[in-house]
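Take a look at the structure set out below.
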Amino acid sequence: MRRTLAILVLVLGIGGRALPAAALDIQEVVSPGGVKAWLVEDHSNPILSLSFSFAGGESSDPAGKEGRARLVSGLLDEGAGEMDSQAFQKALTDNSISLRFNSRIDRFSGELVTLTETRELAVDMLRLALTAPRFDAEPVERIRAQIQASLRNDLQNPRSIASRAWWAASFPDHPYGRSGDGTADSVAAVTVDDLRSFVGAAFVRKGLVVAAVGDIDAPALAALLDRVFGSLPAAGSLAPVPDAAPKAVGQTMVVEVPVPQSLVVFGHAGIARDDPDWYAASLLNEIMAGGFGSRLTEEIREKRGLVYGVYAYLLPLDHAPLVMGGLATQNARVAESVEILRQEWKRMADQGPTDAERSDALTYLLGSFPLRLTDSDGTAGVLMGLQEGDLPIDYFDRREALYRAVTPADLRRVAARLYRPEQLTVVFVGMPEAVTPTAPAPRVPGVPSRGG
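Read left to right, the sequence shown gives residues 421 to 872 (our numbering).
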């Protein structure tokens, strides 16, 4: 299936001069073996970007072995097939091949960027990484040590502490409540057999999405898909992750850390990506927290100078859609800052946005999106994300109409549904003044218990 999109991609040339715009043309390619991908051909440069992801990520890590998926992501380019770590890395470097992997909460993704002249080698290396990773002792222990060092630093970071505490309180009996980064102990507990178990269970064709952008045509991509992914099992054996909702509702928690400012993480249940109200919710979030000019920034930072920064975002996880956010400020000012946040949450719920706010947010969301499509890497990532969200191949044709169809009445209705100030669970990390906890903060593994 082929779809020529109406969206125009603005590409900036040398010195910021606008070059001629080009229509984005997406093809659906199906390999002889049944592997599907979305393709945008671009033969102007001899480069191919390939993005892909598998269903199943950090939320599938067994209890006590959190960090397993993250460890796998750091090791797949550390030797595969007959090539040990040094040989594999040298081949990537010598041939200007970029190969990266990333573990996420619900998915495991990767990206290959290669020149056309080295594409055959790059494809073989990707295939080996996915189907025959070595997990030799030296790179396993080296990457494990790097992750543990990073964790030690993270667990000195108030933002990381606040985030871990919020998730642990909100999902105490669910994989989402355990950080996918793990702890020093959980990462130490992961064995090579655990790594191989994840690869065998997660790297399967069911749930696989692939996007390709660059110097390749449909027949060549079809052959590439079977070479890389065709030998993978049809389905996997990861334990299913159940749907859930936050259990900590409307609570205030404090983790005492002797620092001069407090870091705050807040959130409650949100709206799923496939919900018909998603487009209204996206507009509302832009109005509430879309940076300078947004309500939170104007009311808390610009008018009152209370915070260094404040943000909020929609997080449509597969099993628990959320709206999340955070702020940071001096211990003496944090209580007032959160009170203003709650007031703005309630004002939006009660009144919805103004017509001017709706117009500005709509202009931004429609105008900024093409800027994500100005290079092959970015475009491939966007196409991968659309498939992960089960959106149609003609989504770009329909996107503007979907946003423009959101009426002021829709925004008021969805604002009342999305913004529930009484359900906000807020975690403070620091020595916040004039803050009364309503519940004890959960202990964050690796962080000494100091209060709350």
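For glycine and all other residues, C-beta sits at the position ideal for the given N, C-alpha and C. The structure presented is a predicted model; accordingly, all values stated were derived computationally and were not measured.
Inset, instruction - Would you mind stating whether Met545 and Ala511 have Cβ atoms separated by less than 8 angstroms? - result: yes
Legend entry - Assumed close pair His688, Arg840 - CB separation to whole angstroms, cut-off 8 angstroms: 6 angstroms
Inset, instruction - Taking all protein chains shown into account, decide if Val705 is buried (16 or more other Cβ within 10 angstroms of its Cβ) or exposed. - result: Per the sequence shown, the amino acid found at residue 705 is Asn instead of Val. Under this definition Asn705 is a buried residue.
Inset, instruction - Identify the continuous alpha helix (DSSP H) that holds Met545 and give its terminal residues. - result: Arg539 to Thr551
Legend entry - Length of the line joining the Cα atoms of Gly873 and Gly627: Examination of residue 873 is not possible in this model, given that the chain is present from 421 through 872 alone.
Legend entry - Through-space distance from Gly597 to Asp462, alpha-carbon basis: 42 angstroms
Inset, instruction - From the DSSP output, in three-state form, read off Ile446 for me. - result: strand
Legend entry - Selection from Ser757, Ala654 and Glu531 that minimises the alpha carbon distance to Val624: Ala654
Legend entry - Inter-residue Cα distance where the pair is Ala426 and Asp694: In this predicted model, Ala426 has a pLDDT of only 35, less than 50, meaning its place in the structure is not dependable enough to derive any value.
Legend entry - Where Met768 sits in the DSSP three-state scheme: helix
Inset, instruction - Have a look at the DSSP bridge pairing and note the partners of Lys456. - result: Val450
Inset, instruction - Please report how far the alpha carbon of Leu683 lies from the alpha carbon of Ser583, in whole angstroms. - result: 10 angstroms
Inset, instruction - Would you give the residue range spanned by the alpha helix (DSSP H) that Thr536 belongs to? - result: Where Thr536 is concerned, there is no enclosing alpha helix (DSSP H), given that its DSSP letter is neither H nor E.
Inset, instruction - List the residues that DSSP assigns as beta-bridge partners of Ile467. - result: Leu535
Legend entry - Residue burial classification, Arg721 (beta-carbon count within 10 angstroms, cutoff 16): buried
Legend entry - Burial state of Tyr728 (16 or more Cβ within 10 Å): exposed
Inset, instruction - Please report how far the alpha carbon of Leu735 lies from the alpha carbon of Leu806, in whole angstroms. - result: 15 angstroms
Inset, instruction - Please report the Cβ distance between Thr538 and Ser516, rounded to the nearest whole angstrom; I am assuming they are in contact, meaning their Cβ atoms lie under 8 angstroms. - result: 7 angstroms
Inset, instruction - List the DSSP bridge partners of Gly634. - result: Glu461 and Leu468
Inset, instruction - Report yes if the CB atom of Gly670 is closer than 8 angstroms to the CB atom of Gln843, and no otherwise. - result: yes
Legend entry - Beta carbon of Glu853 nearer than 8 angstroms to that of Ala755: yes
Inset, instruction - Return the CA-CA distance between Ala489 and Gly725, expressed in angstroms with no decimal places. - result: 41 angstroms
Inset, instruction - Please work out which residues of its chain come closer than 6 angstroms, Cβ to Cβ, to Pro741, disregarding the five sequence neighbours upstream and downstream, and give them in chain order. - result: Gly690, Ile691 and Ala692
Inset, instruction - Counting only the same chain and skipping the five closest in sequence on each side, list residues whose C-beta sits under 7 angstroms from that of Gly871. - result: With a pLDDT of only 43 at Gly871, under the threshold of 50, the placement of this residue in the model should not be trusted; the figure read from the coordinates follows. Answer for Gly871: Val674, Val675 and Glu676, listed in chain order.
Legend entry - Residue burial classification, Asp601 (beta-carbon count within 10 angstroms, cutoff 16): buried
Inset, instruction - State the DSSP-derived secondary structure class of Tyr823, mapped to helix, strand or coil. - result: helix
Inset, instruction - Have a look at Pro466 and Asp635 and give me their C-alpha separation to the nearest angstrom. - result: 5 angstroms
Inset, instruction - Compute the beta-carbon to beta-carbon distance between Pro559 and Gly487, rounded to the nearest angstrom, for a pair I have assumed lies under 8 angstroms. - result: That pair is no contact at about 16 angstroms.
Legend entry - Given Gln681 as reference, the closest of Leu703, Ala638 and Arg753 once Cα atoms are compared: Arg753
Legend entry - Other residues of its chain near Ala638: CB distance less than 7 angstroms, five sequence neighbours each side excluded: Gln447, Val449 and Leu459
Legend entry - Pairwise C-alpha distance: Ala542 and Val630: 16 angstroms
Inset, instruction - Please classify Ala441: does DSSP put it in a helix, a strand, or coil? - result: The predicted position of Ala441 is uncertain, since its pLDDT is 29 and thus under 50; a value taken from the coordinates is nonetheless stated next. DSSP places Ala441 in coil when its eight states are reduced to three.
Legend entry - Residue range of the unbroken beta strand (DSSP E) whose run includes Glu875: Here the chain comprises residues numbered 421 to 872, so residue 875 is not present and cannot be evaluated.
Inset, instruction - Flag this pair as yes or no: are the beta carbons of Gly850 and Val679 separated by less than 8 angstroms? - result: yes
Inset, instruction - Classify Ser714 as helix, strand or coil using the three-state DSSP reduction. - result: coil
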